[in-house]
Amino acid sequence: MSATAGQAQGERGLAERLGLKPGQVVQEIGWDEDTDEELRSSIEDLTGSELLDEDGDDVVDVVLLWWRDDDGDLFDALTGAMRSLAEGGQIWLLTPKAGRDGHVEPSDIGEDAATAGLSQTSSISAAPDWSGTRLVTPSKGRR
Numbered sequence: 001m002s003a004t005a006g007q008a009q010g011e012r013g014l015a016e017r018l019g020l021k022p023g024q025v026v027q028e029i030g031w032d033e034d035t036d037e038e039l040r041s042s043i044e045d046l047t048g049s050e051l052l053d054e055d056g057d058d059v060v061d062v063v064l065l066w067w068r069d070d071d072g073d074l075f076d077a078l079t080g081a082m083r084s085l086a087e088g089g090q091i092w093l094l095t096p097k098a099g100r101d102g103h104v105e106p107s108d109i110g111e112d113a114a115t116a117g118l119s120q121t122s123s124i125s126a127a128p129d130w131s132g133t134r135l136v137t138p139s140k141g142r143r
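At position 115 of the sequence shown (counting the first as 1) the number is 115 in full-length UniProt numbering, and the numbers step up by one without a gap.
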């Protein structure tokens, strides 16, 4: 494999780690200058479309929620993010890793997600400075 092909696979791999697929519609909430541009680009490359901003009214497959400890009330943000989410959609909550400014304690994420009616399914290293927590609404048809 050439260096260029390896690099392209690595960049694409960022979005693939989130379980994203071509054609999915992704809304981004909480963008700021500290967000990871490589991750954002890899999502757009993989899905084939630009990230929708937080003011959109479209129904989306995935919400990418960048969140820092001083951004306000996480429960309110999660509840707001669920409004545009399609049935079976997911929220990727991206928070600064431990030791970085704005780090959010995992226990706070778990508590606010559960209160909002969301289930935490996985956590990953989403980017060099960001952790990702996948949140979904519980399926009604599963037993």
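Here a beta-carbon is modelled for each residue, glycine too, at the ideal position from N, C-alpha and C. Every value quoted in this text rests on a predicted model; they were computed, and no experiment measured them.
Exposed or buried, what is Thr121 when buried is set at 16 or more other beta-carbons lying within 10 Å of its beta-carbon? Exposed.
Can you round the beta-carbon distance between residue 146 and Pro106 to whole angstroms, since I take them to be within the 8 Å contact cut? Outside the shown range of the chain (1 to 143) lies residue 146, about which nothing can therefore be said.
With a 10 Å radius around its C-beta and 16 neighbouring C-beta atoms as the bar for buried, classify Asp42 as buried or exposed. Just to set this straight, residue 42 is Ser in the shown sequence, not Asp. Under this definition Ser42 is a buried residue.
For Leu46 and Val63, what's the separation of their Cα atoms in angstroms? If you draw a straight line from the Cα of Leu46 to the Cα of Val63, it comes to about 15 Å.
Rounded separation between Leu18 and Ala81 - CA only: Between Leu18 and Ala81, the C-alpha separation is close to 17 Å.
Helix, strand or coil for Glu28? Go by DSSP, reduced to three states. Correct three-state label for Glu28: strand.
Can you round the beta-carbon distance between Glu54 and Glu28 to whole angstroms, since I take them to be within the 8 Å contact cut? 7 Å between Cβ atoms; contact.
Hey, would you say Asp61 sits closer than 7 Å to Gly89, going by beta carbons? Taking 7 Å as the Cβ cut-off, Asp61 and Gly89 qualify as a contacting pair.
Runs of beta strand (DSSP E) wholly within the segment 38 to 72 (minimum 3 residues, chain order): As summarised for the segment 38 to 72, the continuous beta strand (DSSP E) elements at least 3 residues long and confined to that stretch are 60 to 66, given in chain order.
What are the start and end residues of the beta strand (DSSP E) that includes Leu20? For Leu20, there is no enclosing beta strand (DSSP E), as DSSP marks it with neither H nor E.
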